[in-house]
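All the letters of the sequence shown, read from the start, carry residue numbers 873 to 1288 under this note's numbering.
In this text, a Cβ means the ideal position worked out from N, Cα and C, and glycines have one as well.
The structure under discussion appears below in the form of structure tokens.
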Amino acid sequence: MKNLQKDNINKRIKRYESFIHSSRDVIFFIRQSDKKILEANAAAVNTYQYSHDELLAKTILDLQAPETQAQIISQLDNNNTSGLLLETVHIKKNGERFPVEINSQGTVIDGEIILLSIIQDITRRKISEQLLEESENNLRALLNAVTESFFLMNKDGIILAANETMAQRYGLAMDMLVGSRIYDLLKPKTARQRKAQADIVIRTGKPVRFEDVRFHRNIDQVLYPVFDNNNQVVRIAVFGIDITERRKMEKKLENIAFNDHLTGLYNRRGFINIAERQLKLSRRSRQKLLLFFADLDRMKWINDTLGHEQGDKALIIAAKILAKTFRESDIISRIGGDEFAILAIDADEKTAEILLKRLHKLIHHINSRKDRKYDFSISIGYAAFDPHHHDSLDELMSRADMRMYEDKKNKNINRS
């Protein structure tokens, strides 16, 4: 009976003979019950380096790496007539190990389950996967090493990849960050702005650059398009550089360039730079301005008689008086020597009267002190800016200077 069954199985296998021997892939017929190899093709002989008879004397387990045998037994036992696809490790006659993919399909012949197993050597694939994994690991290590934050998102804003700097800036673990929607991590207003910027990248295929402020840090962000084979934007790579220290340094340099070191007020360059911009804004908004020109009286006498230290103190007192006279929104500057210029924002003739009264009151208070060695005096004049006219800053300063000189002349004080 067993011989008859064996003959029937062999006859059925013979039907596939031309197919299995013409295949470049390894093909085995395996009896499920004892895992015995019933037939092997020429590709199997070439691959495993056993003769045909040697292979038929073995079970599939004999070709398995020892550490994989338990896995293969379990999976083959459950492989009835349903398909099975798995990766494992086989060993050649010379002891060489190599990775394989087994595609096995069961069929019943005379009550016995016979497995048709097609086996592919996947060494090249595994090497490619390893190289790809190493490349990804190297890229990830490189991205994590840089101080720039980086993340890759799809068109819907889903984060596909990110580096550690990005995770730290958002205070999230990497597994929480990847898969999140970037817009859900932002405040609603910021999210709308970022979505609009991403839409520009998707629509135009061009990078978008902007400066962002997060957690009191200045971040220079750039959104780069990533294209598919059809030249369509499918992803966006986002890089962010922390430029907080650069901005602080720029602020320091600006203070050095635009500020008077003695009084702490704007210097001439700072005043002209800001005043020119304010004049343009006021022309557009139809806002009135006043430009004041002030001069510390008898500065030469103070320096020559009391010394330059007292002269510096007098300039500092003048700066403090002007700061108390004018409003926080006004632009106050020492434009050189004993001269000061002030641009009063949203001010008219009535405002000028109030400001001048305040100035004279403060000067009177200084002079009422018993320890005063001389009468402190400031001459001042102003020019009104009409947004409907096209007066330049130089013209306003010239008119204000003339009125200041008239004030000095009325006091009978020499300009020196």
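Which of the three DSSP states is assigned to residue i in this structure?
| i | result |
| --- | --- |
| residue 876 | Because the pLDDT at residue 876 is just 47, under 50, the model does not fix this residue reliably, and the value given afterwards should be weighed accordingly. Residue 876: helix per DSSP, three-state reduction. |
| residue 1246 | coil |
| residue 1158 | coil |
| residue 831 | Residue coverage of the chain in this structure runs from 873 to 1288, which leaves residue 831 outside it and unanswerable. |
| residue 1238 | helix |
| residue 1209 | coil |
| residue 954 | coil |
| residue 949 | helix |
| residue 1221 | helix |
| residue 1254 | strand |
| residue 988 | strand |
| residue 921 | coil |
| residue 1001 | helix |
| residue 823 | The first residue shown for the chain is 873 and the last is 1288, placing residue 823 beyond what the model contains. |
| residue 932 | helix |
| residue 1168 | strand |
| residue 939 | helix |
| residue 1058 | coil |
| residue 994 | coil |
| residue 977 | strand |
| residue 911 | strand |
| residue 1083 | strand |
| residue 1230 | helix |
| residue 903 | strand |
| residue 1199 | coil |
For residue i, collect the residues of the same chain with a Cβ closer than 6 Å to its Cβ; drop the 5 residues on either side in sequence, then sort them by chain order.
| i | result |
| --- | --- |
| residue 924 | 917 |
| residue 835 | Residue 835 lies beyond the stretch modelled for the chain, which goes from 873 to 1288, so this question has no answer here. |
| residue 998 | 971 |
| residue 1041 | 1021 |
| residue 1080 | 1069, 1072, 1073, 1095 |
| residue 907 | 931, 932, 933 |
Quick one: what's got a C-beta closer than 7 Å to residue i's C-beta in the same chain, skipping five residues either side?
| i | result |
| --- | --- |
| residue 1259 | 1154, 1155, 1158, 1159, 1160 |
| residue 873 | Note that residue 873 has pLDDT 46, beneath the 50 cutoff, so the model's placement of it is unreliable and the number below is only indicative. So no residue of the chain qualifies. |
| residue 1202 | 1214, 1215, 1216, 1217 |
| residue 1288 | Low local confidence applies: a pLDDT of 45 at residue 1288 is under 50, so the model's placement there is unreliable, with the coordinate-based value given in what follows. The residues are 1172. |
| residue 1268 | 1163, 1255, 1257 |
| residue 993 | 919, 970, 972 |
| residue 1276 | 1165, 1166, 1167, 1251, 1252, 1253 |
Does the beta-carbon of residue i have 16 or more other beta-carbons within 10 angstroms, so that it is buried, or is it exposed?
| i | result |
| --- | --- |
| residue 1066 | buried |
| residue 892 | buried |
| residue 1142 | buried |
| residue 1032 | exposed |
| residue 1196 | exposed |
| residue 1071 | exposed |
| residue 936 | buried |
| residue 989 | buried |
| residue 1125 | exposed |
| residue 955 | exposed |
Near residue i, what residues of its chain come up, given a Cβ to Cβ distance below 8 Å and the 5 sequence neighbours on each side ignored?
| i | result |
| --- | --- |
| residue 1045 | 1039 |
| residue 940 | 960, 961 |
| residue 1098 | 1024, 1105, 1106, 1107, 1108, 1109 |
| residue 1186 | 1168, 1171, 1174, 1248 |
Item to complete: Assess, as a yes-or-no matter, whether the segment 1017–1036 is touched by the segment 1105–1113 under the definition of 3 or more beta carbon pairs within less than 8 Å.
Response: By the Cβ rule, the segment 1105–1113 counts as touching the segment 1017–1036, because three or more pairs are nearer than 8 Å.
Worksheet item: Which runs of the alpha helix (DSSP H) fall wholly inside the segment 1089–1153 and span at least 4 residues, in chain order?
Response: For the segment 1089–1153, whole alpha helix (DSSP H) runs of length 4 or above, ordered along the chain, are 1116–1130.
Item to complete: Within the segment 1015–1050, note down every full beta strand (DSSP E) run reaching 3 residues or more, in order along the chain.
Response: Listed in chain order, they are 1021–1026, 1031–1034.
Worksheet item: Any contact of the segment 946–964 with the segment 999–1008, i.e. 3+ C-beta pairs under 8 Å?
Response: Contact between the segment 946–964 and the segment 999–1008 is absent: fewer than three C-beta pairs spanning the two stretches fall below 8 Å.
Item to complete: May I ask you to verify whether the segment 1222–1241 touches the segment 1170–1186, counting CB pairs closer than 8 Å and requiring at least 3?
Response: No, the segment 1222–1241 is not in contact with the segment 1170–1186.
Discussion item. With three or more beta-carbon pairs closer than 8 Å as the criterion, would you say the segment 1122–1132 touches the segment 1209–1217?
Written reply: At 8 Å Cβ cutoff, the stretches do not touch.
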